[in-house]
Amino acid sequence: MIGTSDLPTLALIDERQLADSSRFWRRVSRWKGWPATAKWLGFFAIAMIYVPLVWLAVMSISQSPLSGIPYPLTTANYAALAADSRWIPPLQVSLVMSTLVAIVCMVIATMVGRSITRMRRPGGVLLLTLLPLFVPGLTMGAALFIFLRTMLGLKMGYWSIFVAQLVWALPFALLLVLVIASRFDLRLLEAAEDLGATPWRRFWDIEMPILRPGVFGAGVFGFLLSFNELLRSLFLRGVETTMPIYNWAMAASQQSQVPIIFSLATIILVVTLPVMGVFFWFLFVKLDRS
Amino acid sequence: MLDRLTPSGVAVPAFLITWSLVVILPLLVIVLFSFLQVKSYRVVYLPTLGTWESVIDSGRWIVAVRTLRIAITMTLIELLLAFPFALWLAKGCKSKPAKAIIITLLTIPFFLDTSSRIIVWRSILGTNGIVNTVLTSLGIVDEPISWLLYSEFAVHFGMLGSYFPTMVFPIFMIMSLIDDDYLQASSDLGASPGQTLLYVILPMSLPGVVAGVVFTLVPLMAAFVEPQMLGGGFVNLLGNSVNSALQELKYPTAAALSTIVVVLLGVCLAALILITRKRFDMSTMFQAIRR
Chain A
850 MIGTSDLPTL ALIDERQLAD SSRFWRRVSR WKGWPATAKW LGFFAIAMIY
900 VPLVWLAVMS ISQSPLSGIP YPLTTANYAA LAADSRWIPP LQVSLVMSTL
950 VAIVCMVIAT MVGRSITRMR RPGGVLLLTL LPLFVPGLTM GAALFIFLRT
1000 MLGLKMGYWS IFVAQLVWAL PFALLLVLVI ASRFDLRLLE AAEDLGATPW
1050 RRFWDIEMPI LRPGVFGAGV FGFLLSFNEL LRSLFLRGVE TTMPIYNWAM
1100 AASQQSQVPI IFSLATIILV VTLPVMGVFF WFLFVKLDRS
Chain B
1333 MLDRLTPSGV AVPAFLITWS LVVILPLLVI VLFSFLQVKS YRVVYLPTLG
1383 TWESVIDSGR WIVAVRTLRI AITMTLIELL LAFPFALWLA KGCKSKPAKA
1433 IIITLLTIPF FLDTSSRIIV WRSILGTNGI VNTVLTSLGI VDEPISWLLY
1483 SEFAVHFGML GSYFPTMVFP IFMIMSLIDD DYLQASSDLG ASPGQTLLYV
1533 ILPMSLPGVV AGVVFTLVPL MAAFVEPQML GGGFVNLLGN SVNSALQELK
1583 YPTAAALSTI VVVLLGVCLA ALILITRKRF DMSTMFQAIR R
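This is the structure in structure tokens:
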């Protein structure tokens, strides 16, 4: 466990020193309301996440989305969305891009993940791969832009968005594969080899079925993280536009476009929330069992 | 035996080299770049301190201080909200479905579009927003409260939900690994709940707290969408400065500001490690991941 030997034991606590204020603190610490307080503080924070989402849906069917009053209700925003076609290309770009990022994430995360579990000192490789988690997105985006565009003089485009999103999504994908791969018993492969299986069959028939939940999770995380990536793609997009960039540009600079954004975001939410809910539900229930 | 089972020796090193090229090299390049100049769209490879002087002269260091202040304040607020909640979720919440629902609710926000989530706050906090409409119609205030939107308050408020899950998850994970027997033993030995919290739970969950602080502080140091949309130009953070410097094609300035972000983060992380060094070493964080 975590530095168990360093833990101060209760015997080390000076009882006399505690005696002065102890009555007060004992009463405070025995207060029955602490668990409820903790619970409701957390629920408050969760409400801060979901209240805007509900409000987004409500305002998408109201006449003036940026005012505070949802009435009168109207479907005009959705009609405007249907009449406008400028949001379709960014959506298509995002879908294709995210699928690509997901596939590449699955392949690289599997490859690196299973080799990390066989290393004697995996720390360096792990730290190197997880480094983007410790760099703010905007900084990474600016750094990549200055390096690729200004230093190397390359032309920005879909490829640079892809690189930026991969840098963001891969560490998470790798973590998911690692969680599963670190439980994998290497003796299974030795047994398979003894029984005459070729390296490919050992990988595909023995290792892959066990790694599959991790690889699948890596793909889903890769897709979702890439689909919503804004801070890095923003700098590396050149003249291309993805869905989050489109939303950001509309929300940040063009007030008149906000109603369309509200209805578009609501549609995407209505489609993705139940899918994600069911997916994570099964993921956590399954993880809980294993 | 083990060697023959390792995957081909070419693929992984090749990946690591490519990865270093797109992750580490750019970060080194921006530090270098902040000492260079761009003249008529060309990089002049002649070291100069001009960018740094102009960054300091133009008062951008105030922006850096503000960013650091807001990032640390928000991290502390999230820690105060998340630590008790994680403890309740790991040890107090007995219903398994409720636990799974809460974890699902906390996971989903990672995958939601930021812009549309944040822009909605405008119609809640604005002078015509729902909060002010309700308050004025109930007669609690005479005229709309103007500091609700386009202020530091609004930026903090908008960040509250966005950065909560990253703080809860690591603390929750490490707390669910704490064996209930330890808590039982502590209380059997006569410790009050407060003492158990201070001398048993807190030291054992410290790696989770550190991980939570790191994963919350890192994105906060370059927060961009919230100040842009809820700050109304009054709350300029380093993220916004980097963005506007890039828009104005002032690449060395953007590089210098990004360097400041990385350096400030490095100082914060180093301080964090120093403070908690006695309790554990960083490697346990990775051991926890491997579980």
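Chains as they are written, first to last, in my numbering: chain A, 850 to 1139; chain B, 1333 to 1623. The C-beta atom is built at its ideal place from N, Cα and C for all residues, glycine as well.
Query, Result
"DSSP-derived helix/strand/coil call for Val1376(B)", "strand"
"Same chain, Cβ closer than 7 Å to Arg1086(A), five either side skipped, listed in chain order", "Met1005, Ile1010 and Ile1094"
"Cβ contact check for the stretch 1030-1045 of chain A and the stretch 1389-1405 of chain B: 3 or more pairs under 8 Å", "no"
"Where the alpha helix (DSSP H) through Gln1014(A) begins and ends", "Tyr1007 to Ala1030"
"Where Leu1073(A) meets chain B, residues with beta-carbon distance less than 8 Å", "Phe1442 and Phe1443"
"Interface partners of Trp1049(A) on chain B, CB under 8 Å", "Result: empty, since nearest Cβ-Cβ is about 11 Å, beyond 8 Å."
"Any 3 or more C-beta pairs closer than 8 Å across the stretch 1484-1491 of chain B and the stretch 1416-1433 of chain B", "no"
"Pairwise C-alpha distance: Pro971(A) and Val1534(B)", "Checking the displayed sequence, the identity of residue 1534(B) turns out to be Leu instead of Val. Roughly 29 Å separates the two Cα atoms."
"Rounded separation between Leu1438(B) and Trp1130(A) - CA only", "12 Å"
"Per-residue DSSP class, three states only, for Leu1549(B)", "helix"
"Own chain partners of Gly1571(B) with C-beta closer than 6 Å, once the 5 adjacent residues on each side are dropped", "Ala1554, Ala1555 and Phe1556"
"Environment of Ala1603(B) [buried if 16+ CB atoms lie within 10 Å]", "exposed"
"Selection from Val1107(A), Ala1018(A), Phe1070(A) and Ala1040(A) that minimises the alpha carbon distance to Trp1351(B)", "Ala1018(A)"
"Separation of Val1124(A) from Gly962(A), as counted between CA atoms", "27 Å"
"Whole-angstrom distance between Thr1047(A) and Leu1538(B), CA atom to CA atom", "46 Å"
"N-terminal and C-terminal residue of the alpha helix (DSSP H) that Val1370(B) is part of", "Note, Val1370(B): premise wrong, no alpha helix (DSSP H); beta strand (DSSP E) at Gln1369 to Lys1371."
"Min CB distance Trp874(A) to chain B below 7 Å", "yes"
"Contained alpha helix (DSSP H) runs [length at least 4] in the stretch 915-943 of chain A, N- to C-terminal order", "925-932"
"Same chain, Cβ closer than 7 Å to Leu1578(B), five either side skipped, listed in chain order", "Ala1586"
"Which of helix, strand or coil DSSP assigns to Ser1590(B)", "helix"
"With 16 other Cβ atoms within 10 Å as the buried cut-off, status of Val1064(A)", "buried"
"Within-7 Å CB hit, Ser1386(B) to chain A", "no"
"Where the stretch 1126-1137 of chain A meets chain B: residues whose CB sits under 8 Å from a CB there", "Gly1126, Phe1129, Trp1130, Phe1133, Val1134 and Asp1137"
"Nearest candidate by alpha-carbon position, reference Lys881(A), set Thr1399(B), Ala1346(B), Gly1424(B) and Arg1454(B)", "Gly1424(B)"
"Val1500(B) to Ser913(A) span [Cα, whole Å]", "36 Å"
"Closer than 6 Å: Tyr1531(B) CB and nearest the ligand SAM heavy atom", "The model depicted lacks the ligand SAM and carries no ligand whatsoever."
"Under 8 Å from the C-beta of Arg1081(A): neighbouring residues of chain B", "Under the 8 Å cutoff, chain B gives no residues; its nearest Cβ is about 11 Å from Arg1081(A)."
"Of the listed residues Lys1135(A), Arg998(A) and Trp1049(A), nearest to Ile1084(A) (C-alpha basis)", "Position check: residue 1084(A) holds Phe in this sequence, whereas Ile was assumed. Checking every option, the nearest Cα to that of Phe1084(A) belongs to Arg998(A)."
"Beta-carbon proximity check, Val1452(B) vs Trp1097(A), cutoff 7 Å", "no"
"CB contact check: Leu1492(B) to chain A, cutoff 7 Å", "yes"
"Close-in-space but distant-in-sequence residues of the same chain around Val1120(A) (CB under 6 Å, 5 per side omitted)", "none"
"N-terminal and C-terminal residue of the alpha helix (DSSP H) that Arg1081(A) is part of", "Leu1080 to Leu1085"
"Within 7 Å, strictly: CB atoms of Met1507(B) and Ala1403(B)", "no"
"Contact with chain A by Arg1622(B), beta-carbon distance below 7 Å", "Caution applies to Arg1622(B), whose pLDDT of 45 falls short of 50 and renders its modelled position unreliable; the value that the coordinates give is listed next. So yes, Arg1622(B) belongs to the interface."
"Leu1515(B) to Phe1547(B) span [Cα, whole Å]", "28 Å"
"Run of the alpha helix (DSSP H) containing Arg1454(B), from where it starts to where it stops", "Thr1446 to Leu1457"
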